[in-house]
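Undergrad:
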Amino acid sequence: MVRVLVLACIVLIGNIRSASASEAGLDTTVVRSPRGAMLRSLAVPGWGQFYNQKTIKAGVIVAAEVGSVVAFFVRRNEIRRNQIPGQTFERNIFLFSTLGVIFYSMADAYVDAHLDGVDWGAIEADLGKQDRMVRVVVRLRF
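Counting along the sequence shown from 1, when you hit position 99 you're at 123 in the working numbering, and nothing is skipped either side.
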C-alpha cells in the first residue's frame with residue numbers, strides 16, 4: 025500500500041513539472057534512460073512504465089503486483105489459522121508470481137525506454153478515386 029501511495033505522489037509531482045515546462049514554451053523532449061526506467065521498476069513495479077509514459081501498462085502492472093501480494097498474505101494467514109500441512113506450495117506460487125511481475129516490469133520498462141527514441145517510420149494510405157485502387161506505403165527506419 026505504501027508503494028502505491030509513493031508512486032501516486034511521484035506521478036503527480038512529475039505531471040506538475042512537465043505542465044509548467046510546456047506552458048513556458050520550453051523544449052520538453054525528454055530522453056529516457058533505460059537503466060533509470062529499469063531501476064524505477066525495481067523500486068516500485070509500474071513506476072518505470074509511468075516514467076516511459078505508458079500509463080495503462082503501468083496500471084495493469086501495479087494491479088497485478090497488488091493482487092499477487094494480497095493473495096500471498098491471505099493464503100499465508102489461512103494456512104496459519106487452519107494449520108494445514110503441505111499447503112505452502114499454493115502460498116509460494118503467489119510469492120513467485122509477485123517476483124515475476126517485478127522482473128517483467130523491470131524488463132519491459134528497460135525495453136520501452138530503449139525503443140522510445142527509435143524512429144519507426146510512417147504508414148501512408150492513398151485512396152485513388154479515379155482508378156479505384158488503394159495504395160499503402162510503409163516506410164521503416166532503423
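Note that the Cβ used here is the ideal one computed from N, Cα and C, for glycine as well.
Give me the Cα-Cα distance between methionine 130 and leucine 66, rounded to the nearest whole angstrom.
TA: For the purposes of this step, residue 130 is taken as residue 106 along the sequence shown, with counting starting at 1. For the purposes of this step, residue 66 is taken as residue 42 along the sequence shown, with counting starting at 1. Near 6 angstroms, if we compare the C-alpha coordinates of leucine 66 and methionine 130.
Undergrad: Could you tell me the distance, in whole angstroms, from the CA atom of alanine 137 to the CA atom of arginine 104?
TA: Sequence index remark: in the sequence shown, residue 137 carries index 113 (1-based). Sequence index remark: in the sequence shown, residue 104 carries index 80 (1-based). Taking the straight line joining both Cα atoms gives about 43 angstroms.
Undergrad: Do you know offhand how far phenylalanine 127's Cα is from glutamate 102's?
TA: As a first step, residue 127 must be located in the sequence shown, where it is residue number 103. As a first step, residue 102 must be located in the sequence shown, where it is residue number 78. Rounded to whole angstroms, phenylalanine 127 to glutamate 102 spans 27 angstroms at the Cα level.
Undergrad: Compare the C-alpha of proline 58 against each of Val68, Gln107, Asp132 and Asn106 and name the closest.
TA: Locating residue 58 in the sequence shown gives position 34, where the first residue counts as 1. Considering only alpha carbons, the answer is Asp132.
Undergrad: For a quick check, are the C-beta atoms of alanine 61 and glycine 72 less than 8 angstroms apart?
TA: The residue you call residue 61 lines up with position 37 of the sequence shown. The residue you call residue 72 lines up with position 48 of the sequence shown. Yes, they are a contact pair.
Undergrad: If the criterion is Cβ atoms closer than 8 angstroms, does the pair phenylalanine 118 and alanine 87 meet it?
TA: Mapped onto the sequence shown, residue 118 falls at position 94. Mapped onto the sequence shown, residue 87 falls at position 63. No; because the gap between Cβ atoms is not below 8 angstroms, this pair is not in contact.
Undergrad: Using the Cβ count rule (16 or more neighbours within 10 Å means buried), how would you classify arginine 64?
TA: If you number the sequence shown from 1, residue 64 lands on position 40. Arginine 64 comes out buried.
Undergrad: Please confirm whether valine 142 and glutamate 89 have their CB atoms less than 8 angstroms apart.
TA: Position 118 of the sequence shown, counted from the start, is the residue given in the question as residue 142. Position 65 of the sequence shown, counted from the start, is the residue given in the question as residue 89. Taking 8 angstroms as the Cβ cut-off, valine 142 and glutamate 89 do not qualify as a contacting pair.
Undergrad: For the candidate residues Val93, Arg163, Val135 and Val160, whose alpha-carbon lies nearest to that of asparagine 76?
TA: For the purposes of this step, residue 76 is identified with residue 52 of the sequence shown, where counting begins at 1. Measuring from the Cα of asparagine 76, the nearest candidate turns out to be Val135.
Undergrad: If you reduce the DSSP assignment to three classes, tell me which class valine 54 lands in.
TA: Here residue 54 corresponds to residue number 30 of the sequence shown, with the count starting at 1. Valine 54: coil per DSSP, three-state reduction.
Undergrad: Note down the Cα distance separating alanine 43 from asparagine 106, rounded to an integer number of angstroms.
TA: Within the sequence shown, numbered from 1, the residue matching residue 43 stands at position 19. Within the sequence shown, numbered from 1, the residue matching residue 106 stands at position 82. Because the pLDDT at alanine 43 is just 44, under 50, the model does not fix this residue reliably, and the value given afterwards should be weighed accordingly. Alanine 43 and asparagine 106: Cα-Cα distance of roughly 53 angstroms.
Undergrad: For valine 161 and alanine 82, what's the separation of their Cα atoms in angstroms?
TA: Residue numbering aside, residue 161 sits at position 137 when the sequence shown is read from its first letter. Residue numbering aside, residue 82 sits at position 58 when the sequence shown is read from its first letter. Cα to Cα, valine 161 sits roughly 33 angstroms from alanine 82.
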